[in-house]
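Count along the sequence shown starting at 1, add 22, and that's the number in my numbering.
Yeah, the Cβ is synthetic: ideal placement off N, Cα and C, and Gly gets one too.
Reviewing the structure listed below.
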Amino acid sequence: MAKRKQNWGKTPWTVSFRSQTTALPDHVDFAVVGGGFTGLSAAAWLARLAPKKSVLLLEAALLGNGASGRTGGMVLAQSAAGDLAGLGDVLRGYRRILNGLGVEADLDLPGVWEVARGGKSMEGKKVRPLKRSPIDWSDSGRVRAVGKVPGGTVDPGKVLSGLAQAAVKFGAQIVEGAEVLKIEYSNPLRLHVRPKVKGRRKEQIVTARKVLLATNAGSLDLAAKLYEAKESAEPKLTFAVATARLTTKQIDALGMNSAQPFYTVDFPYLWGRKLKDGGMIFGSGLVPAFGKTLRDGARMYHSTASRVKEVWSGLEKFDVRRGEAAERLRSLEQRVRRLHPALKQVRFTHRWGGPILITKNFVPTFRRHPKNGNVLVLGGFSGHGVALSVYLGHKAAQHFVGRYALPTWHSR
Ligand SMILES: Cc1cc2nc3c(=O)[nH]c(=O)nc-3n(C[C@H](O)[C@H](O)[C@H](O)COP(=O)(O)OP(=O)(O)OC[C@H]3O[C@@H](n4cnc5c(N)ncnc54)[C@H](O)[C@@H]3O)c2cc1C
Numbered sequence: 023m024a025k026r027k028q029n030w031g032k033t034p035w036t037v038s039f040r041s042q043t044t045a046l047p048d049h050v051d052f053a054v055v056g057g058g059f060t061g062l063s064a065a066a067w068l069a070r071l072a073p074k075k076s077v078l079l080l081e082a083a084l085l086g087n088g089a090s091g092r093t094g095g096m097v098l099a100q101s102a103a104g105d106l107a108g109l110g111d112v113l114r115g116y117r118r119i120l121n122g123l124g125v126e127a128d129l130d131l132p133g134v135w136e137v138a139r140g141g142k143s144m145e146g147k148k149v150r151p152l153k154r155s156p157i158d159w160s161d162s163g164r165v166r167a168v169g170k171v172p173g174g175t176v177d178p179g180k181v182l183s184g185l186a187q188a189a190v191k192f193g194a195q196i197v198e199g200a201e202v203l204k205i206e207y208s209n210p211l212r213l214h215v216r217p218k219v220k221g222r223r224k225e226q227i228v229t230a231r232k233v234l235l236a237t238n239a240g241s242l243d244l245a246a247k248l249y250e251a252k253e254s255a256e257p258k259l260t261f262a263v264a265t266a267r268l269t270t271k272q273i274d275a276l277g278m279n280s281a282q283p284f285y286t287v288d289f290p291y292l293w294g295r296k297l298k299d300g301g302m303i304f305g306s307g308l309v310p311a312f313g314k315t316l317r318d319g320a321r322m323y324h325s326t327a328s329r330v331k332e333v334w335s336g337l338e339k340f341d342v343r344r345g346e347a348a349e350r351l352r353s354l355e356q357r358v359r360r361l362h363p364a365l366k367q368v369r370f371t372h373r374w375g376g377p378i379l380i381t382k383n384f385v386p387t388f389r390r391h392p393k394n395g396n397v398l399v400l401g402g403f404s405g406h407g408v409a410l411s412v413y414l415g416h417k418a419a420q421h422f423v424g425r426y427a428l429p430t431w432h433s434r
């Protein structure tokens, strides 16, 4: 992944943290693979909870390269599968975790609008427009608020940077441009790492007592045995655009002067939020990863490691400026312009896409690797991972230091 420049577009946030160019250690107590919200939260908490142990986070490209840097930053309660046994209060936990690590992330939890056109949600539940819906738009029908659920927004760039700073402050080592190519499931575990450090491109072995795989939709082959044996997972793409700053009049006309983000509970999917600078983000639904190897992505559940690898490499190559991806973005822009007269002439400043890992029944993966119990796999939040990834990353760290028993969600 580190070798190829990605063209997944630009987001309106920035990650201010960049790792120092340091040599890879030969051995660590804990290795975390993947520098998104999950991996960074786990690394920061491992370093904090076990100050005498060594913690190494390996990120193939730059922190935030996956979904975390390209997300919408809408903070949601529970999981994509709703509440799960023993999950606890995700929003409360999220706030506490960020505060506990000193992460300043513009977290705001005023609630989230659920919006719809018709009388039924995608799950077949009856819905009715609120009497005083602040939202009244047009998108395949009249779109109005049908309810409000707990949640809000965050600045994803600040979360990533803050978590990384906290991890380093507590003693973890973060290495960007270090791709884990393979893991030998021995004891200790042997990670084959390709570093992108100047003058050092040769594969190196790092041994680790325990490993957290937090690669989400990337490198599914590392966790493939798990997905083959226990559950299926499907990487998909989703797209988003950000508008230029809107005037107060435009924001008022859109009913967006409260800072509440929104998502549709019926199809076609549309979600969005206000930005601190006065612009807005709008995002569309999931599409199968496209490209030559991925035509059948929508129907495919992974059965072999090589197939999984093939899917990821297609996903990795997609370019938002061309072909089907560019088409999707253009059609999203058109949809936004038609939503409301206040948006007719709106200018777009950012366009991007990102990967989402959809799991069976939308239940996140949080379990031991079948090949070696010292490897934990955490990911697959099915597009509902901004708060949950950080929250469960903390729990993964607690598990490694013997303070948390893994959940039983997968046995249902
Ligand atoms: C456009 C978009 C909008 C979204 N909007 C929302 C939203 O509003 N609310 C919400 O709750 N969720 C949303 N999501 C989902 C949410 O962003 C994700 O669930 C969350 O960011 C997942 O974090 P993660 O750390 O598990 O994975 P990622 O952020 O994907 O991190 C995985 C990391 O692993 C690295 N990696 C992969 N393979 C290797 C390897 N072999 N070696 C080393 N590193 C490797 C990748 O480079 C990547 O940085 C959205 C996602 C997208 C794409």
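Distance from the C-beta of E201 to the nearest heavy atom of ligand 1 is below 7 Å. Of all alpha-carbon atoms in T93, L68, F422, the one lying nearest the alpha-carbon of T36 is that of T93. Distance from the Cα of K258 is smallest, within the candidate group G375, Y207, M144, H391, for G375. Counting along the chain, W293 sits inside the beta strand (DSSP E) bounded by residues 292-296. Taking a contact as a CB-CB distance under 8 Å, the pair A64 and A364 does not count as one, their CB atoms being some 42 Å apart.
A Cβ-Cβ contact shorter than 8 Å links N396 with V233. Bridge partners of V134 according to DSSP: V171.
Distances from the alpha-carbon of L235 to those of R425, E81, G31 put E81 closest.
Contact annotation, A99 with L113: C-beta distance approximately 5 Å; criterion of less than 8 Å satisfied. Taking C-beta separations shorter than 6 Å and ignoring five residues to either side along the sequence, the partners of Y426 in its chain run K417, Q420, following chain order. The beta carbon of A188 sits no closer than 7 Å to any heavy atom of ligand 1.
DSSP lists A200 as the beta-bridge partner residues of P217. Under the criterion of beta carbons closer than 8 Å, G305 and G294 qualify as touching, at roughly 6 Å. For ligand 1, a non-hydrogen atom lies closer than 7 Å to the CB of G401. In its chain, beyond the 5 residues on either side, S101, V112, P386, F403 have a beta carbon closer than 7 Å to the beta carbon of L410. K232 is bridged by DSSP to F52. Contact between the stretch 141-149 and the stretch 260-271 is absent, with fewer than three C-beta pairs closer than 8 Å. N29 is bridged by DSSP to D341.
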